[in-house]
Amino acid sequence: SEDASASGESAASAGGADEIDAEFEMPTDPLPPTYDPALDVGPGGRPLFAFTDTFASFSHRGVNAYVDFTLDEWKAMLPEGLPAGMMKEFQDTRRCAVMVRESFLDLRDNFRRIVDPAITAKRKDTKRQIILDGPRSCGKSIALAMLVHWARTEGWLVFYVPQGKDWTHGGFFYRNTYSDLFDTPVLAGKVLQDFLKYNETRLQQLPCQIFEPIPLGEGTGVGMMKGADTVEMPEGSTLYDLIQTGITHSHAAVGVVVRLRKELSLVKDVPVLFAIDQYNSWFTFTEYQEPVTVRSCRSIHAKELTTVCCTKAAYVF
């Protein structure tokens with residue numbers, strides 16, 4: 001098994017001399033400069049690095065070029081967090097460069113066609129939902145992060161989840177007796193906070209379009225709210241106000257995530273993209289368990305979580 005192989009390799013490494021182990025330690029000196037002319041040599045003598053602040057300008061003729069952003073630039077565009085695979089590659093290569101591959105350009109162009117009627121009229125194969133599939137560590141997470149980067153530079157409203165597995169592991173959960181699904185208010189509050197990190201200004205400009213009461217659930221560690229079952233958003237509220245309600249009142253966090261999902265499907269002023277990494281974790285069992293008898297529990301499936309059910313797709317509106 002992989003675990004056995006890893007254990008064997010660790011044991012073999014541990015058995016070597018100290019001076020040999022030191023040879024394989026990660027360097028601690030600063031990262032190399034963003035641009036080094038000696039390294040800027042690609043196939044046929046062409047430049048290897050492209051100098052740009054967006055992936056929008058790339059054509060298919062510029063495929064396999066590297067874009068070398070700084071780590072601060074990446075974090076500014078993806079404040080929800082960078083995927084683990086991307087961070088590992090940055091650490092291994094000791095620079096924050098990504099390759100613009102043909103597959104990414106195809107992915108970008110697909111979503112570009114959705115919002116460009118002139119292009120859409122010429123191509124009939126545009127897909128509003130795409131699942132990135134492939135072997136482990138083949139670059140799916142990096143391609144998705146690059147797509148989010150591109151969409152945000154183009155002015156899209158992006159709901160980005162870099163760690164989808166976090167939605168099914170850890171935190172407080174309980175069965176909602178009204179929906180018969182399981183609510184995760186701690187996770188819901190974090191989801192709302194993450195969505196605000198990059199989109200706060202835009203959300204302040206988008207009005208709420210649904211004014212039905214939002215059901216309240218259990219607060220984090222405090223149970224149900226006494227004397228109230230729902231909360232209503234006043235007329236004139238924005239999506240920013242809606243999200244703040246869920247962040248401020250943990251009883252409303254899950255209900256606000258569900259309502260936000262519906263509200264985003266009604267936004268027409270700006271393209272909306274849902275980008276979910278580790279999406280496969282939403283199709284298997286969570287780490288949560290529900291008691292069945294005094295001596296047994298059953299594992300809870302991701303499809304039984306309220307937040308997963310309402311967000312389970314990567315859509316463009």
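Per the UniProt record's numbering, residue 1 is the first one in the sequence shown, and the count goes up by one each step. Cβ coordinates follow ideal geometry from the N, Cα and C atoms, glycine included.
Where residue i falls: helix, strand or coil (DSSP)
{"i": "PHE195", "result": "helix"}
{"i": "GLU154", "result": "coil"}
{"i": "ALA275", "result": "strand"}
{"i": "MET146", "result": "helix"}
{"i": "PRO215", "result": "strand"}
{"i": "GLY223", "result": "strand"}
{"i": "VAL161", "result": "strand"}
{"i": "LEU67", "result": "In the sequence as displayed, the identity of residue 67 is Val instead of Leu. Correct three-state label for VAL67: strand."}
{"i": "VAL231", "result": "strand"}
{"i": "MET87", "result": "helix"}
{"i": "residue 377", "result": "Because the chain in this structure spans residues 1 to 317, residue 377 falls outside the shown range and cannot be described."}
{"i": "ARG95", "result": "coil"}
{"i": "THR52", "result": "coil"}
{"i": "TYR174", "result": "strand"}
Other residues of its chain near residue i: CB distance less than 7 Å, five sequence neighbours each side excluded
{"i": "MET224", "result": "GLU218"}
{"i": "PHE58", "result": "VAL100, LEU105"}
{"i": "SER141", "result": "PRO83, GLY85, MET86, ASP277"}
{"i": "GLY134", "result": "LYS140"}
{"i": "THR284", "result": "ALA302"}
{"i": "TRP74", "result": "LEU82, CYS96"}
{"i": "LYS312", "result": "TRP282"}
6 Å Cβ shell around residue i - same chain, five flanking residues per side excluded
{"i": "ARG112", "result": "none"}
{"i": "GLU102", "result": "VAL63"}
{"i": "THR306", "result": "LEU181, ASP183, VAL254"}
{"i": "TRP156", "result": "PRO271, LEU273"}
{"i": "THR286", "result": "THR168, ILE300, ALA302"}
{"i": "TYR288", "result": "PHE173, ILE300"}
{"i": "ARG298", "result": "GLU290, VAL292"}
{"i": "ASP194", "result": "GLU80"}
{"i": "ARG175", "result": "PHE182"}
{"i": "LEU203", "result": "LEU239, TYR240"}
{"i": "CYS310", "result": "VAL258, ARG261"}
{"i": "GLU304", "result": "LEU181, PHE182"}
Cβ-based burial, residue i [other Cβ within 10 Å; buried from 16]
{"i": "CYS96", "result": "buried"}
{"i": "LEU78", "result": "buried"}
{"i": "ALA143", "result": "buried"}
{"i": "ALA252", "result": "buried"}
{"i": "GLU263", "result": "buried"}
{"i": "residue 319", "result": "Since the first and last residues shown for the chain are 1 and 317, residue 319 lies out of range."}
{"i": "HIS249", "result": "buried"}
{"i": "residue 341", "result": "Any question about residue 341 goes unanswered here, given that the chain covers just 1 to 317."}
{"i": "GLY208", "result": "The question names Gly, but residue 208 is Cys in the sequence shown. By the 10 Å Cβ count, CYS208 comes out buried."}
{"i": "VAL308", "result": "buried"}
{"i": "ASN199", "result": "buried"}
{"i": "THR216", "result": "In the sequence as displayed, the identity of residue 216 is Leu instead of Thr. By the neighbour-count rule (16 or more Cβ atoms within 10 Å), LEU216 is buried."}
{"i": "GLY189", "result": "buried"}
{"i": "PHE211", "result": "exposed"}
{"i": "TYR178", "result": "exposed"}
{"i": "HIS149", "result": "buried"}
{"i": "ILE214", "result": "buried"}
{"i": "ALA76", "result": "exposed"}
{"i": "GLU89", "result": "buried"}
{"i": "ALA228", "result": "exposed"}
{"i": "ALA275", "result": "buried"}
{"i": "ASP68", "result": "buried"}
{"i": "ARG152", "result": "buried"}
{"i": "SER296", "result": "exposed"}
{"i": "VAL158", "result": "buried"}
Contact with chain D by residue i, beta-carbon distance below 9 Å
{"i": "ASP183", "result": "Checking the listed chains, one finds no chain D in this structure; it contains a single protein chain."}
Same chain, Cβ closer than 8 Å to residue i, five either side skipped, listed in chain order
{"i": "GLY221", "result": "PHE172"}
{"i": "LEU242", "result": "CYS208, MET233, VAL256, ARG259, LEU260, GLU263"}
{"i": "HIS60", "result": "GLU102, LEU105"}
Problem set entry | Within the stretch 98-138, ranges of the alpha helix (DSSP H) (whole runs, at least 4 residues) | 102-115, 117-122
Exercise. Between the stretch 263-274 and the stretch 96-108, do three or more beta carbon pairs fall short of 8 Å?
Worked result: no
For this session: Could I get the ranges of all uninterrupted beta strand (DSSP E) runs contained in the stretch 279-317, with 3 residues as the minimum, in chain order?
Result: 285-293, 296-301
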